[in-house]
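Those protein sequences? They're chains Z and Y, same order as listed. Quick note on numbering: this note's numbering labels position 167 of the first sequence as 167, and the sequence is numbered without any gaps. Quick note on numbering: this note's numbering labels position 387 of the second sequence as 387, and the sequence is numbered without any gaps. For each residue, glycine too, the CB sits at the ideal point set by N, CA and C.
There are 2 protein chains.
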Amino acid sequence: MVIDAKELYQKIEEYMNQEVIIEGWIRNHRRQKEFGFIDFSDGTCFDHIQIVYDNQLENFEMIQKYHVGSAIRVKGKVVKSPKENQTFELQAIEVILLGDCPEDYPIQPKKHSREFLREQAYLRPRTNLFQAVFRVRSIAAYAIHKYFQDRGYVYFHAPILTASDCEGAGEMFHVTCFDLEKVPMCEGVVDYNKDMFQTEASLTVSGQLEAETFALAYKKTYTFGPTFRAENSNTKVHANEFWMIEPEIAFCDLEGDMEIMEEMLKYVVDYVLKNCPSEMKFLDQFVEKGLIEKLEKLVKSTFTRITHKETIDILKKADIKWEFEPEYGEDIAKEHEKYITEYFNGPVFITNWPKDIKAFYMKLNEDNETVAAVDLEVPGAGEIMGGSQREENLEKLVSRMDELGMDQKELDWYINLRKFGGCVHSGFGMGFERLLIYLTGVENIRDVIPYPRTPGNCEF
Amino acid sequence: MVIDAKELYQKIEEYMNQEVIIEGWIRNHRRQKEFGFIDFSDGTCFDHIQIVYDNQLENFEMIQKYHVGSAIRVKGKVVKSPKENQTFELQAIEVILLGDCPEDYPIQPKKHSREFLREQAYLRPRTNLFQAVFRVRSIAAYAIHKYFQDRGYVYFHAPILTASDCEGAGEMFHVTCFDLEKVPMCEGVVDYNKDMFQTEASLTVSGQLEAETFALAYKKTYTFGPTFRAENSNTKVHANEFWMIEPEIAFCDLEGDMEIMEEMLKYVVDYVLKNCPSEMKFLDQFVEKGLIEKLEKLVKSTFTRITHKETIDILKKADIKWEFEPEYGEDIAKEHEKYITEYFNGPVFITNWPKDIKAFYMKLNEDNETVAAVDLEVPGAGEIMGGSQREENLEKLVSRMDELGMDQKELDWYINLRKFGGCVHSGFGMGFERLLIYLTGVENIRDVIPYPRTPGNCEF
Numbered sequence: 001m002v003i004d005a006k007e008l009y010q011k012i013e014e015y016m017n018q019e020v021i022i023e024g025w026i027r028n029h030r031r032q033k034e035f036g037f038i039d040f041s042d043g044t045c046f047d048h049i050q051i052v053y054d055n056q057l058e059n060f061e062m063i064q065k066y067h068v069g070s071a072i073r074v075k076g077k078v079v080k081s082p083k084e085n086q087t088f089e090l091q092a093i094e095v096i097l098l099g100d101c102p103e104d105y106p107i108q109p110k111k112h113s114r115e116f117l118r119e120q121a122y123l124r125p126r127t128n129l130f131q132a133v134f135r136v137r138s139i140a141a142y143a144i145h146k147y148f149q150d151r152g153y154v155y156f157h158a159p160i161l162t163a164s165d166c167e168g169a170g171e172m173f174h175v176t177c178f179d180l181e182k183v184p185m186c187e188g189v190v191d192y193n194k195d196m197f198q199t200e201a202s203l204t205v206s207g208q209l210e211a212e213t214f215a216l217a218y219k220k221t222y223t224f225g226p227t228f229r230a231e232n233s234n235t236k237v238h239a240n241e242f243w244m245i246e247p248e249i250a251f252c253d254l255e256g257d258m259e260i261m262e263e264m265l266k267y268v269v270d271y272v273l274k275n276c277p278s279e280m281k282f283l284d285q286f287v288e289k290g291l292i293e294k295l296e297k298l299v300k301s302t303f304t305r306i307t308h309k310e311t312i313d314i315l316k317k318a319d320i321k322w323e324f325e326p327e328y329g330e331d332i333a334k335e336h337e338k339y340i341t342e343y344f345n346g347p348v349f350i351t352n353w354p355k356d357i358k359a360f361y362m363k364l365n366e367d368n369e370t371v372a373a374v375d376l377e378v379p380g381a382g383e384i385m386g387g388s389q390r391e392e393n394l395e396k397l398v399s400r401m402d403e404l405g406m407d408q409k410e411l412d413w414y415i416n417l418r419k420f421g422g423c424v425h426s427g428f429g430m431g432f433e434r435l436l437i438y439l440t441g442v443e444n445i446r447d448v449i450p451y452p453r454t455p456g457n458c459e460f
Numbered sequence: 001m002v003i004d005a006k007e008l009y010q011k012i013e014e015y016m017n018q019e020v021i022i023e024g025w026i027r028n029h030r031r032q033k034e035f036g037f038i039d040f041s042d043g044t045c046f047d048h049i050q051i052v053y054d055n056q057l058e059n060f061e062m063i064q065k066y067h068v069g070s071a072i073r074v075k076g077k078v079v080k081s082p083k084e085n086q087t088f089e090l091q092a093i094e095v096i097l098l099g100d101c102p103e104d105y106p107i108q109p110k111k112h113s114r115e116f117l118r119e120q121a122y123l124r125p126r127t128n129l130f131q132a133v134f135r136v137r138s139i140a141a142y143a144i145h146k147y148f149q150d151r152g153y154v155y156f157h158a159p160i161l162t163a164s165d166c167e168g169a170g171e172m173f174h175v176t177c178f179d180l181e182k183v184p185m186c187e188g189v190v191d192y193n194k195d196m197f198q199t200e201a202s203l204t205v206s207g208q209l210e211a212e213t214f215a216l217a218y219k220k221t222y223t224f225g226p227t228f229r230a231e232n233s234n235t236k237v238h239a240n241e242f243w244m245i246e247p248e249i250a251f252c253d254l255e256g257d258m259e260i261m262e263e264m265l266k267y268v269v270d271y272v273l274k275n276c277p278s279e280m281k282f283l284d285q286f287v288e289k290g291l292i293e294k295l296e297k298l299v300k301s302t303f304t305r306i307t308h309k310e311t312i313d314i315l316k317k318a319d320i321k322w323e324f325e326p327e328y329g330e331d332i333a334k335e336h337e338k339y340i341t342e343y344f345n346g347p348v349f350i351t352n353w354p355k356d357i358k359a360f361y362m363k364l365n366e367d368n369e370t371v372a373a374v375d376l377e378v379p380g381a382g383e384i385m386g387g388s389q390r391e392e393n394l395e396k397l398v399s400r401m402d403e404l405g406m407d408q409k410e411l412d413w414y415i416n417l418r419k420f421g422g423c424v425h426s427g428f429g430m431g432f433e434r435l436l437i438y439l440t441g442v443e444n445i446r447d448v449i450p451y452p453r454t455p456g457n458c459e460f
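Right, here's the structure in full:
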């Protein structure tokens with residue numbers, strides 16, 4: 001029976017001195033005259049297995065020719081390793097080639113630049129770095145599901161195709177069945193009646209508004225799915241396609257919202273630390289020194305809660321020459337985020353933002369100037385989540401939409417949620433890749449998405 | 001402290017004769033002269049709570065006016081219910097209106113047609129039927145994640161935007177940033193150089209090919225994400241947007257693939273039965289009589305494995321006047337699927353299909369006529385999953401692509417997987433909504449998707 005490397009590591013005491021069969025790939029191969037060492041990985045765990053073979057094997061000379069990258073089957077005996085930092089190794093009884101790999105294989109056991117590996121995106125999960133990053137991605141995704149499911153949240157699949165463009169006007173991708181060479185026109189405008197949905201359709205930028213309909217039926221709901229921005233930004237943190245988590249909770253105010261944000265983030269970070277120990281150790285060692293300490297500190301910390309006004313007060317008093325002068329009524333810059341988390345030496349919730357820089361659906365505070373919104377600033381990452389209490393008051397919501405010149409007809413269903421048994425409710429959004437950048441220490445969003453889509457890049 | 005209805009049900013012995021506070025919605029309201037009954041739900045569990053209030057309450061007359069659909073907060077004492085089929089009820093100490101609901105609220109406590117409810121899609125999770133269906137959707141999604149994660153599979157987010165159209169030519173949605181009124185042209189063709197990705201882009205129809213790149217790095221991987229078909233089909237089982245699960249496993253042949261398909265399906269069905277008992281009881285009673293028995297039988301059954309040829313043999317021998325005559329070398333029809341699952345009185349894996357009706361990437365069998373593909377036919381649902389061993393032989397894959405006139409350059413990375421340490425590998429795909437139709441007994445795909453997208457329909 002073939003077993004996974006993961007199982008071998010997990011039950012090593014059981015398997016010690018036993019014969020096992022494993023199947024996987026050669027990551028490195030050191031040949032010596034009378035024996036050889038194969039650095040083996042089957043991808044089921046981060047740690048590799050060292051295979052030792054010697055010239056007692058019938059096909060010794062053939063084995064010596066096996067190239068890096070080849071798929072092999074190995075029958076061997078699990079033995080204690082003479083090396084200190086290695087629990088065991090495999091003494092080969094039989095090594096069979098399952099799939100060859102030519103010598104021009106791009107992933108050789110040496111340091112490759114991340115830029116080079118982006119061009120080889122389909123092969124990069126075979127490197128240590130990306131093997132770690134994409135397993136962390138998988139485990140973190142599961143931790144998010146587990147957190148919400150264990151607490152009775154209903155997982156809501158928000159629609160990807162949407163006819164509404166209320167949130168991201170101008171930054172949405174159009175979706176059509178038309179042959180773009182001959183778009184049907186009618187009286188000078190595109191004849192969307194002839195398209196699949198008989199209306200203009202786009203890719204969603206957020207599932208929040210629809211998620212609110214589920215919160216008002218299930219009390220607790222969350223989305224976890226892809227969202228899209230047609231932004232032509234070539235930065236390290238922007239992608240055109242990314243995954244978002246958007247929880248929404250009825251009978252929950254801003255305070256309750258922050259409690260959930262804090263608890264969830266700590267849960268996910270802790271889960272990844274516990275379930276990806278080898279991956280995190282590697283990332284700590286080779287990507288961001290102090291990564292594990294940073295994350296462990298977050299899990300133990302208490303998150304500060306201050307208002308936007310208090311934040312500006314602190315920033316104005318700071319003895320610092322700002323690039324952007326902090327101002328009441330305005331957004332805060334990266335340098336301010338950094339200062340404020342350092343000032344409190346931990347994560348900071350900034351609440352009650354000026355209404356004019358926040359979205360229409362956020363609850364207006366009694367001062368008529370600020371909204372019950374919150375951004376979570378985290379040391380070393382800046383803003384990692386944002387949320388708000390939603391405006392549950394029908395008149396106030398409609399009047400805000402009027403002020404902003406928004407079409408009420410298109411969102412009548414959303415407005416109706418305030419009419420049909422509306423209640424205080426809140427939610428937040430977390431960009432999954434932003435979390436992954438924080439968790440892995442990898443700086444570029446292109447390196448935490450298997451096949452990133454950015455301006456000019458839609459490969460694989 | 002406000003508690004969830006779910007918690008009350010789970011720890012009823014602890015809460016009996018205690019005071020609790022709950023927040024939720026009035027689903028029904030029966031008024032009598034000196035007291036009243038409120039049918040209450042907060043959406044955290046399927047079962048409602050009966051609230052009894054009487055004229056000892058200060059605001060008795062006001063409470064009597066509360067409409068169906070309103071949000072309320074209730075403080076009350078948990079007491080044994082005099083009704084036989086009800087464990088407990090709540091004797092109200094205080095009932096407060098949180099959010100009113102007018103009398104023209106569309107979701108009144110009476111029978112609504114599913115067609116009507118589709119038009120009110122944003123309110124339908126508040127009905128018993130959809131409350132049940134969308135919780136089953138959430139729990140089944142989680143069961144799928146749990147199955148794969150517990151077994152060490154890496155969750156792979158396949159790209160949604162793709163420049164490749166090899167699988168679903170002609171049935172893909174175009175994605176563009178162009179203003180459709182003035183698509184830029186260059187020498188008579190669309191100038192995609194000016195679009196976001198500098199190439200023609202579409203919505204994915206499958207993440208399988210990309211998932212194979214992860215299987216050859218992690219051994220075991222699965223996708224779970226939205227996929228799209230630009231088909232203009234108005235049937236009960238087609239939607240333009242739906243979610244797919246696509247596992248992919250290295251060092252696994254068709255037999256191993258079938259073992260995983262069988263084990264996974266049984267796991268998910270069993271998980272839903274165990275974790276949604278009230279929902280399933282309701283669906284059994286009001287949607288599909290015998291639903292639970294059908295599902296329990298599946299979990300206990302052994303899946304038959306026969307070839308496509310053997311299937312045609314059986315069909316040809318059957319004493320039945322077919323609408324479509326079964327033929328070797330051809331696909332089988334709905335009526336054949338039905339017959340074959342009845343013939344074996346259980347689920348049937350049909351293997352080794354004629355290559356010409358299957359996809360290019362499926363492994364050619366030694367007969368040069370059939371491929372190592374499999375469809376799983378399930379009693380009462382027909383085909384619920386399909387999979388195959390993938391062609392791992394470079395020459396055979398390329399030659400098949402040539403036969404079909406496919407562009408090799410576009411898929412060079414996919415072909416290279418056979419060159420760089422390729423190995424036997426297999427996978428399968430399951431349409432999530434098809435599974436949900438089977439699990440819930442609801443017949444129309446529009447009723448298992450929160451906001452379905454079908455031709456002419458892109459609302460909410």
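1. Could you name the residues of chain Z that H145(Y) contacts, counting a contact when the two beta carbons are closer than 7 Å?
2. In chain order, what residues of the same chain have a beta carbon less than 7 Å from the beta carbon of R118(Z), not counting five sequence neighbours either side?
3. Pop quiz: Y153(Y) and Y222(Y) are said to be a contact at Cβ under 8 Å. What is the actual Cβ separation, rounded to whole angstroms?
4. Which word fits I320(Y), buried or exposed, when buried means at least 16 other C-beta atoms lie within 10 angstroms of its C-beta?
5. At what residues does the beta strand (DSSP E) containing H425(Z) begin and finish?
6. Is it buried or exposed for I131(Y), if we count other Cβ within 10 angstroms and need 16 for buried?
7. At a Cβ threshold of 7 Å, is W25(Z) touching chain Y?
8. Which of the three DSSP states is assigned to G256(Y) in this structure?
9. Against I160(Y), what residues of chain Z qualify as contacts under a CB-to-CB distance less than 9 Å, listed in chain order?
10. Along the chain, where does the alpha helix (DSSP H) that runs through Y343(Z) open and close?
11. State the DSSP-derived secondary structure class of L394(Z), mapped to helix, strand or coil.
12. So the alpha helix (DSSP H) V20(Z) belongs to, where does it begin and stop?
13. CA-CA distance, D402(Z) and H425(Z)?
14. Please report whether the beta-carbon of Q108(Z) lies at a distance below 7 Å from any beta-carbon of chain Y.
15. Would you list the residues sitting across from K80(Y) in a DSSP beta bridge?
16. What residue does the beta strand (DSSP E) around N352(Y) start on, and which one ends it?
17. Would you decide whether M430(Y) is buried or exposed? Buried here means 16 or more other CB atoms lie within 10 Å of its CB.
18. Listed from N- to C-terminal order along the chain, which residues in the stretch 345–378 of chain Z have their beta-carbon within a distance smaller than 8 Å of any beta-carbon of chain Y?
19. Could you have a look at P102(Z) and say whether DSSP puts it in helix, strand or coil?
20. Thinking just about the alpha-carbon of each residue, which of F197(Y), E181(Y) and L283(Y) is nearest to the one in V442(Y)?
21. Can you check whether the C-beta of C177(Z) is within less than 7 Å of a C-beta belonging to chain Y?
22. On the three-state DSSP scale, how would you describe N128(Z)?
23. Assuming I49(Z) contacts L90(Z) under a Cβ cut-off of 8 Å, what Cβ separation, rounded to an integer in Å, is found between them?
24. Starting from H308(Y), follow the beta strand (DSSP E) in both directions and report where the run begins and ends.
25. Inspect the beta-carbon positions of E383(Z) and D375(Z) and report whether they are closer than 7 Å.
26. Can you tell me which of the three DSSP states E323(Y) falls into?
27. Is K111(Z) helix, strand or coil by DSSP?
28. Express the C-alpha separation of M1(Y) and E19(Y) in angstroms, rounding to a whole number.
29. Go through its chain and collect everything with a Cβ distance to V136(Y)'s Cβ below 8 Å, but skip five positions before and after it.
30. Given that a residue counts as buried once 16 or more other Cβ atoms are within 10 Å of its Cβ, and exposed if not, what is C186(Y)?
31. Give the interface partners of V462(Y) over in chain Z, defined as CB-CB distance under 7 Å, in chain order.
32. Let's see if you can read the secondary structure: which residues bound the alpha helix (DSSP H) around I63(Y)?
33. Taking only beta-carbon positions, decide if L180(Y) is within less than 7 Å of chain Z.
34. Using DSSP with H/G/I as helix, E/B as strand and the rest coil, what is F214(Z)?
35. Count the other CB atoms, across all protein chains shown, that sit within 10 Å of the CB of D54(Y); report buried if there are 16 or more and exposed otherwise.
Quick answer:
1. Y142 and H145
2. R446
3. 5 Å
4. exposed
5. H425 to G431
6. Contrary to the premise, residue 131(Y) reads as Gln rather than Ile in this sequence. Per the 10 Å Cβ criterion, buried.
7. yes
8. helix
9. I160, L203, P226, F228, E241 and R453
10. K334 to F344
11. helix
12. Unbroken run through V20(Z) is the beta strand (DSSP E), E19 to R31; no alpha helix (DSSP H).
13. 22 Å
14. no
15. F88(Y)
16. V348 to P354
17. buried
18. none
19. coil
20. L283(Y)
21. yes
22. helix
23. 6 Å
24. Taken as a continuous stretch (DSSP letters only), H308(Y) belongs to no beta strand (DSSP E), being part of the alpha helix (DSSP H) at H308 to K317.
25. yes
26. coil
27. coil
28. 10 Å
29. V272, C276, E279, M280, L283, L436, L439 and T440
30. exposed
31. With chain Y covering 1 to 460 only, the question about residue 462(Y) has no answer from this structure.
32. F60 to K65
33. yes
34. helix
35. exposed
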